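**Q** Below you will find the structure I want to go over with you.
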Ligand code: ASP
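In the working numbering, the protein residues as written are 1194 to 1542.
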């Protein structure tokens, strides 16, 4: 039984949650993190040890680049033994990308890493930031009777739902309820109590040491199909110098035009070592390339399944694997197995 006071490291990267209105221009600007604590005096009422770390220049999350993910990995790795959990305050716009990337870059994670943010600055009266922050901290500190963390995963907490980070997508630019995980249930729901779905939370082996990963390769692109898309444009994309992987957003259960010239373009690219991953434009459901002739052609060409992954997850997983492996076969192998609960395998892929 571990009776010690939970300790949490709060990492402020930037985003609306820590912003204040400039009285002259009316624009939202970042303010110092100590002001954030000032605006949430409730934090002092927690019986936890809460330390904070602020990015020297807070970043609007639209400006986030993978080097910020590597920085977060380093902060967490450097402080891993000192804290029971980590809460990352992050802009909502690209939070799903950061959460996905961290789920791969923090191998063998066995402590909570909870990302949250807000739609309204924490200094405003109707802010959603306070509740998000307070509940995220409570979740990061939650421990089972044996002292192990309840949620040893990278998650996003937003507006009462705790979601697996690499399953989330931002779906709303206005409402407080801005994130969804369409293909995996919530890990917890915060109402009067925080109700954890224990059987949905991934089991971990705390005896395995955390392995931080810092490398990535951003030679990836998303290609969304639409009726009328021109082959010369697809060709140009597939011949982009340095390109190593494509997330192909297809129709329905992973279907694409059957035109031989189009299929040949994909097949040629795959033969040149480019990984092409199939993901549906539908938000719910999974890729099943054996279901229709139009999917089967892609499978025959060597396109691999993204199953029910999000686009954010596929892009960051590709960057992660391409950073680790030179060989397209190794990358393809990595894409075909879940590394952090990011997709639901099915035999129909
Ligand atoms: N543009 C802001 C950001 O993503 C929006 C937000 O924080 O919600 O950093």
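Beta carbons: idealized from backbone N, C-alpha and C, even for Gly. In this text, all values refer to a predicted model and were calculated from it rather than measured experimentally.
With DSSP as the reference, identify every bridge partner of residue 1421, one or two as the case may be.
**A** Paired residue(s): none; residue 1421 is not in a bridge.
**Q** In the DSSP assignment, the beta strand (DSSP E) including residue 1471 goes from what residue to what residue?
**A** Run containing residue 1471: 1468–1473, per the beta strand (DSSP E) assignment.
**Q** What residue range does the alpha helix (DSSP H) around residue 1438 cover?
**A** Unbroken run through residue 1438 is the beta strand (DSSP E), 1438–1443; no alpha helix (DSSP H).
**Q** Specify the secondary structure class of residue 1501 as computed by DSSP and reduced to three states.
**A** Here residue 1501 sits in coil by DSSP.
**Q** Apart from the five residues on each side of it in sequence, which residues of its chain come closer than 6 angstroms, Cβ to Cβ, to residue 1287?
**A** So the qualifying residues of the chain are 1254 and 1257.
**Q** May I ask you to verify whether the segment 1339–1347 touches the segment 1360–1367, counting CB pairs closer than 8 angstroms and requiring at least 3?
**A** The segment 1339–1347 is not in contact with the segment 1360–1367.
**Q** With contact counted as at least three CB pairs below 8 angstroms, one residue from each stretch, are the segment 1410–1425 and the segment 1511–1518 in contact?
**A** Output reads yes: the segment 1511–1518 touches the segment 1410–1425.
**Q** Sorted by chain position, which residues of the same chain lie with C-beta nearer than 7 angstroms to residue 1399's C-beta, five sequence neighbours on each side aside?
**A** Cβ neighbours of residue 1399 beyond the five flanking positions: 1303 and 1341.
**Q** Is residue 1374 near the ligand ASP - that is, is its Cβ less than 7 angstroms away from at least one heavy atom of it?
**A** Not so, every heavy atom of the ligand ASP lies at least 7 angstroms from the Cβ.
**Q** According to DSSP, is residue 1488 helix, strand or coil?
**A** Three-state DSSP puts residue 1488 in a helix.
**Q** Report the three-state DSSP secondary structure of residue 1391 (helix, strand or coil).
**A** Helix.
**Q** For residue 1321, verify whether its CB is less than 7 angstroms away from any heavy atom of the ligand ASP.
**A** It does not: the Cβ of residue 1321 is nowhere closer than 7 angstroms to a heavy atom of the ligand ASP.
**Q** Which residue's Cα is closest to the Cα of residue 1543: 1290, 1536 and 1266?
**A** The requested residue 1543 is not part of the displayed model; the chain covers only 1194 to 1542.
**Q** Between the C-alpha atoms of residue 1209 and residue 1313, what's the straight-line distance to the nearest angstrom?
**A** Residue 1209 and residue 1313: Cα-Cα distance of roughly 6 angstroms.
**Q** CB-CB under 6 angstroms to residue 1389, same chain, minus the five flanking residues each way: which ones, in chain order?
**A** So the qualifying residues of the chain are 1343 and 1381.
**Q** Can you tell me the Cβ-Cβ gap for residue 1469 and residue 1458, rounded? I've got them flagged as a contact below 8 angstroms.
**A** Not confirmed; about 10 angstroms, so no contact.
**Q** Using 10 angstroms around the beta-carbon of residue 1310, count the other beta-carbons present and answer buried if the total reaches 16, otherwise exposed.
**A** That one is buried.
**Q** In or out: residue 1486 buried (at least 16 other Cβ within 10 Å) or exposed?
**A** The residue is exposed, with fewer than 16 neighbouring Cβ atoms inside 10 Å.
**Q** With DSSP run on the structure shown, which of helix, strand or coil describes residue 1382?
**A** Here residue 1382 sits in strand by DSSP.
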